[in-house]
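As structure tokens, the structure follows; a few thoughts come after it.
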Amino acid sequence: MSDNTKQSNNTSSNQNYNNISKGCDTKKEQVLENQKCSNNIDFSKCSNNSDFPKCDNTYEDSTSLKREDKNIEIEESSNNNLVCKGCGENLTKKLSCPVCLKNKINSYFCNQECFKRSWKEHSKMHKSEKENNEKDENKGTKQIEKNNFTEITIKELLPQNYDPTNRKYWIYDNHLSNFINYDFTGNLRPWPISKMNYVPDHIEKPDYAITSIPASELKYKRKSDIYVNNSDEIERIKEACILGRKTLDYAHSLVCPGITTDEIDKKVHDFIIKNNAYPSPLNYYEFPKSCCTSVNEIVCHGIPDYRPLKNGDIINIDISVYYKGVHADLNETYFVGENISNEAKQLVETCYFSLMEAIKKCKPGMLYKNLGNIIDAYVSKKHFSVIRTYSGHGVGKLFHSNPTIPHFRKNKAVGIMKPGHVFTIEPMINQGHYADVLWPDKWTCATADGKLSAQFEHTLLVTQTGVEILTKRFPDSPSLGFDTKDELYIM
1 MSDNTKQSNN TSSNQNYNNI SKGCDTKKEQ VLENQKCSNN IDFSKCSNNS DFPKCDNTYE
61 DSTSLKREDK NIEIEESSNN NLVCKGCGEN LTKKLSCPVC LKNKINSYFC NQECFKRSWK
121 EHSKMHKSEK ENNEKDENKG TKQIEKNNFT EITIKELLPQ NYDPTNRKYW IYDNHLSNFI
181 NYDFTGNLRP WPISKMNYVP DHIEKPDYAI TSIPASELKY KRKSDIYVNN SDEIERIKEA
241 CILGRKTLDY AHSLVCPGIT TDEIDKKVHD FIIKNNAYPS PLNYYEFPKS CCTSVNEIVC
301 HGIPDYRPLK NGDIINIDIS VYYKGVHADL NETYFVGENI SNEAKQLVET CYFSLMEAIK
361 KCKPGMLYKN LGNIIDAYVS KKHFSVIRTY SGHGVGKLFH SNPTIPHFRK NKAVGIMKPG
421 HVFTIEPMIN QGHYADVLWP DKWTCATADG KLSAQFEHTL LVTQTGVEIL TKRFPDSPSL
481 GFDTKDELYI M
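Residue numbering for the sequence shown follows UniProt numbering, beginning at 1 and increasing consecutively.
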């Protein structure tokens with residue numbers, strides 16, 4: 001899994017009261033200053049502001065006030081237990097708050113002055129009631145949407161019914177909703193994804209497995225040195241790399257037209273768990289799957305989904321495992337079916353051999369920045385281009401660490417190879433321009449021109465005399481479709 005070289009991801013009621021206060025005239029303030037409600041609370045301000053419900057306190061013994069608002073009523077109290085909401089006194093006659101009356105809430109006051117003096121506190125109840133009503137309304141709306149989803153949309157999002165060109169139902173899917181207005185550069189479209197895979201408690205996990213944040217990596221990034229692994233760490237990394245190779249070969253054996261990348265991911269996950277290891281990509285900065293599957297124009301970090309592979313596709317599968325406290329990282333690009341274009345074949349072969357050319361030059365004293373010159377020179381002769389956004393990286397106790405290893409010429413990578421260094425080289429080669437774009441899922445990287453991209457990756461150990469490919473292919477590894485025998489003879 002490549003490293004990204006660009007990485008460093010009660011006011012309302014007070015406002016009402018202020019408005020009310022601004023409406024008071026000086027004469028009325030002087031009159032009300034000496035008025036107190038019978039519960040001894042002093043309210044010295046009232047309002048002529050339209051926000052305040054005005055009441056006429058001249059009324060007849062009949063049930064209605066002499067004013068235009070007929071909803072405000074004063075009635076003879078038939079219940080001696082009724083009390084004023086303002087002062088708490090027993091009511092002989094009751095004045096209804098017009099807002100409460102509209103909302104069918106029983107709220108009574110002894111007189112209009114008490115109602116005015118109580119307005120600041122009483123109006124808070126209106127706000128609270130309004131919020132509750134809005135919540136109920138929203139709940140009802142969401143329930144309707146949920147019902148529509150259950151009855152209609154779920155059918156359209158099933159893999160066998162899903163039409164990736166129809167965005168109508170994407171809004172109902174948490175993953176697809178990110179893409180509703182996205183302008184894709186190529187033909188590939190996102191499909192629904194399944195839930196995150198489960199990891200049993202007995203599996204040893206990296207620090208980000210629960211939190212999604214690799215705290216140890218962030219702490220290490222403050223340093224500029226390249227870690228030198230000791231003999232015990234090297235042995236554990238070798239074991240992890242062998243498991244990584246077995247896992248990738250197993251994933252390769254699954255590739256065929258009709259299988260979905262989600263199925264590949266689930267089988268890869270189960271294989272890693274059965275071998276008492278953790279799939280390193282899972283929940284790394286919230287990556288939702290156990291491996292990366294990048295199809296056609298996807299450069300890297302593709303999220304496995306329900307899209308079936310098609311005859312003529314190319315697919316990169318990126319495997320990383322965490323085993324005995326260390327990580328291993330490797331990937332390969334495969335042909336799907338038989339109907340593969342000559343350009344696709346040439347692209348994949350070029351990518352693989354550019355990696356091997358760089359590996360052959362690795363030894364103590366080699367500058368890391370020179371690897372980009374070697375790769376870029378080989379690729380340019382074939383009229384392809386090298387991605388510049390993502391790089392190789394140190395790996396071992398940390399998933400990503402120093403050194404950073406760009407794959408393009410004239411880069412400014414820092415560091416010299418020393419025995420004990422463990423790192424990846426993983427060039428991403430484009431059929432067209434090297435520019436790339438990031439999909440709205442914040443992981444999937446695609447070519448900016450929609451043309452094909454291929455990638456290969458190995459984890460390497462610098463030895464006293466040269467380099468060892470820790471993730472090299474086995475003699476019985478599935479064929480890539482072209483000759484890879486030279487790899488077996490590189491230590």
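Each residue gets a CB set at the ideal place from its N, CA and C atoms; glycine is no exception.
### Message
Per the DSSP calculation, Thr-333 is bridged to which residue(s)?
### Response
For the purposes of this step, residue 333 is taken as the residue at position 333 of the sequence shown. Partner(s): Asn-316.
### Message
If distances are taken between C-alpha atoms only, which option among Thr-92, Phe-179 and Glu-156 comes closest to Trp-443?
### Response
Translated into the one-based positions of the sequence shown, residue 443 becomes position 443. Among Thr-92, Phe-179 and Glu-156, the Cα nearest to that of Trp-443 belongs to Phe-179.
### Message
Using only the alpha-carbon positions, how far apart do Asn-339 and Asp-313 sit?
### Response
As a first step, residue 339 is located in the sequence shown; it is residue number 339 there, counting from the start. As a first step, residue 313 is located in the sequence shown; it is residue number 313 there, counting from the start. For Asn-339 and Asp-313, the gap between their C-alpha atoms comes out near 8 Å.
### Task
Please check if any C-beta of chain B sits within less than 8 Å of the C-beta of Met-196.
Any reference to chain B falls outside this structure, which holds one protein chain only.
### Query
Do you know offhand how far Glu-233's Cα is from Gly-396's?
Residue mapping note: residue 233 aligns to position 233 of the sequence shown, counting from 1. Residue mapping note: residue 396 aligns to position 396 of the sequence shown, counting from 1. Cα to Cα, Glu-233 sits roughly 8 Å from Gly-396.
### Message
Can you look up Gly-372 in the DSSP assignment and give me helix, strand or coil?
### Response
By one-based count along the sequence shown, residue 372 stands at place 372. It is helical.
### Message
Taking 8 Å as the threshold (C-beta atoms), are Met-417 and Gly-365 in contact?
### Response
By 1-based counting over the sequence shown, the position of residue 365 is 365. By 1-based counting over the sequence shown, the position of residue 417 is 417. Yes, they are a contact pair.
### Spatial distance of Ile-213 from Asn-4 (CA atoms)
Here residue 213 corresponds to residue number 213 of the sequence shown, with the count starting at 1. Here residue 4 corresponds to residue number 4 of the sequence shown, with the count starting at 1. Each residue's Cα considered, the two are about 16 Å apart.
### Message
Please identify the residue among Gly-337, Cys-87, Lys-120 and Gln-346 whose C-alpha is closest to the C-alpha of Asn-111.
### Response
Residue numbering aside, residue 111 sits at position 111 when the sequence shown is read from its first letter. Cα-wise, what sits closest to Asn-111 is Cys-87.
### Task
State buried or exposed for Phe-474, treating a residue as buried only when at least 16 other CB atoms are found within 10 Å of its CB.
Counted from its first residue, the sequence shown places residue 474 at position 474. Under this definition Phe-474 is an exposed residue.
### Burial state of residue 499, where buried means 16 or more other Cβ atoms lie within 10 Å
This structure cannot settle anything about residue 499, because the visible part of the chain is limited to 1 through 491.
### Query
Considering Ser-453, what are the terminal residues of the beta strand (DSSP E) in which it resides?
Taking the first residue of the sequence shown as 1, we reach residue 453 at position 453. Counting along the chain, the beta strand (DSSP E) containing Ser-453 begins and ends at 453 to 455.
#### Entry: When Asn-166, Leu-91, Ile-319 and Gly-466 are compared against Gly-244, the one with the closest alpha-carbon
Against the sequence shown, residue 244 aligns to sequence position 244. Taking only the C-alpha atoms, the option nearest Gly-244 is Ile-319.
### Contact between the segment 176 to 190 and the segment 433 to 447 (3+ Cβ pairs under 8 Å)
yes
### Task
Check whether the segment 379 to 393 touches the segment 347 to 357, taking contact to mean three or more Cβ pairs, one atom from each stretch, closer than 8 Å.
yes
### Cα-Cα separation between Phe-423 and Ile-226, rounded to whole angstroms
In the sequence shown, the residue the question calls residue 423 occupies position 423. In the sequence shown, the residue the question calls residue 226 occupies position 226. Computed Cα separation, rounded: 10 Å.
### Task
Give the straight-line distance between the Cα atoms of Lys-85 and Lys-289, rounded to the nearest whole angstrom.
Within the sequence shown, the letter at position 85 stands for residue 85. Within the sequence shown, the letter at position 289 stands for residue 289. Rounded to the nearest angstrom, the two C-alpha atoms are 59 Å apart.
### Query
What does DSSP give as the partner residues of Ser-401 in its beta bridges?
Counted from its first residue, the sequence shown places residue 401 at position 401. DSSP output for Ser-401 lists Gly-394 as bridge partner(s).
### Query
Are there 16 or more other CB atoms within 10 angstroms of the CB of Leu-158, so buried, or fewer, so exposed?
Here residue 158 corresponds to residue number 158 of the sequence shown, with the count starting at 1. By the 10 Å Cβ count, Leu-158 comes out exposed.
### Task
Could you check which residue in Asn-276, Glu-332 and Thr-261 has the C-alpha nearest to that of Leu-309?
Indexing the sequence shown from 1 puts residue 309 at position 309. Nearest option by C-alpha distance: Thr-261.
### Query
Quick one: what's got a C-beta closer than 7 Å to Gly-302's C-beta in the same chain, skipping five residues either side?
Here residue 302 corresponds to residue number 302 of the sequence shown, with the count starting at 1. Cβ neighbours of Gly-302 beyond the five flanking positions: Cys-292, Thr-293, Ser-294, Val-295 and Thr-444.
### Same chain, Cβ closer than 7 Å to Ile-359, neighbours up to 5 away in sequence not counted
As a working mapping, residue 359 is identified with position 359 in the sequence shown. Closer than 7 Å at the Cβ level, and outside the excluded window around Ile-359, lie Ile-425, His-458, Leu-460, Val-467, Ile-469 and Ile-490.
#### Entry: Pairwise C-alpha distance: Ala-448 and Asp-329
Indexing the sequence shown from 1 puts residue 329 at position 329. Indexing the sequence shown from 1 puts residue 448 at position 448. Each residue's alpha carbon lies about 26 Å from the other.
### Task
Could you tell me the distance, in whole angstroms, from the CA atom of Ser-231 to the CA atom of Ser-453?
The residue given as residue 231 occupies position 231 in the sequence shown. The residue given as residue 453 occupies position 453 in the sequence shown. Near 37 Å, if we compare the C-alpha coordinates of Ser-453 and Ser-231.
#### Entry: Nearest-angstrom Cα separation, counted from His-175 out to Thr-247
On the sequence shown, position 247 is the one that residue 247 refers to. On the sequence shown, position 175 is the one that residue 175 refers to. For Thr-247 and His-175, the distance between alpha carbons rounds to 27 Å.
#### Entry: Straight-line gap, Lys-205 to Pro-281 (C-alpha atoms, nearest Å)
Against the sequence shown, residue 205 aligns to sequence position 205. Against the sequence shown, residue 281 aligns to sequence position 281. Their backbone Cα atoms lie some 11 Å apart in a straight line.
### Message
For Phe-262, report the span of its alpha helix (DSSP H) as first-last.
### Response
Here residue 262 corresponds to residue number 262 of the sequence shown, with the count starting at 1. First, the residue type needs correcting, since residue 262 is Asp and not Phe in the sequence shown. Where Asp-262 is concerned, the enclosing alpha helix (DSSP H) stretches over 261 to 274.
### Message
By the three-class DSSP mapping on this structure, what secondary structure does Asp-61 have?
### Response
For the purposes of this step, residue 61 is taken as the residue at position 61 of the sequence shown. Bear in mind that the predicted position of Asp-61 carries a pLDDT of just 36, short of 50, making it too unreliable to give a figure here.
### Query
How would you write the range of the beta strand (DSSP E) that Thr-293 sits in, first residue to last?
If you number the sequence shown from 1, residue 293 lands on position 293. That run of the beta strand (DSSP E) goes 292 to 295.
### Glu-338, DSSP secondary structure in three states
Within the sequence shown, the letter at position 338 stands for residue 338. Three-state result, Glu-338: coil.
#### Entry: Sequence-distant residues of its chain with Cβ nearer than 6 Å to Val-326 (five each side left out)
What you label residue 326 is simply residue 326 of the sequence shown in a count that begins at 1. Counting only Cβ-Cβ distances below 6 Å, and skipping sequence neighbours, we find Arg-236, Ile-237, Ala-240, Gly-396 and Lys-397.
### Under 8 Å between C-beta atoms of Thr-317 and Val-336
Here residue 317 refers to the residue found at position 317 of the sequence shown. Here residue 336 refers to the residue found at position 336 of the sequence shown. According to the sequence provided, residue 317 is Ile. The question's Thr does not apply to it. In this structure, Val-336 does not lie closer than 8 Å to Ile-317 by Cβ.
### Task
For Cys-300, write down the residues that DSSP places opposite it in a beta bridge.
Counting from 1 along the sequence shown, the entry for residue 300 is found at position 300. Paired residue(s): Cys-445.
### Query
Based on the DSSP output, what are the partners of Val-422 in its beta bridges?
As a working mapping, residue 422 is identified with position 422 in the sequence shown. The partner list for Val-422 (beta bridge, DSSP) reads Leu-461.
### Task
Give the DSSP-derived three-state secondary structure of Ser-38 in the structure shown.
As a first step, residue 38 is located in the sequence shown; it is residue number 38 there, counting from the start. Only weak support is given to the placement of Ser-38: the predicted model assigns it a pLDDT of 37, under 50, and the value that follows is read from those uncertain coordinates. Reduced to three states, the DSSP call for Ser-38 is coil.
### Message
By the three-class DSSP mapping on this structure, what secondary structure does Phe-179 have?
### Response
As a first step, residue 179 must be located in the sequence shown, where it is residue number 179. Helix, per DSSP.
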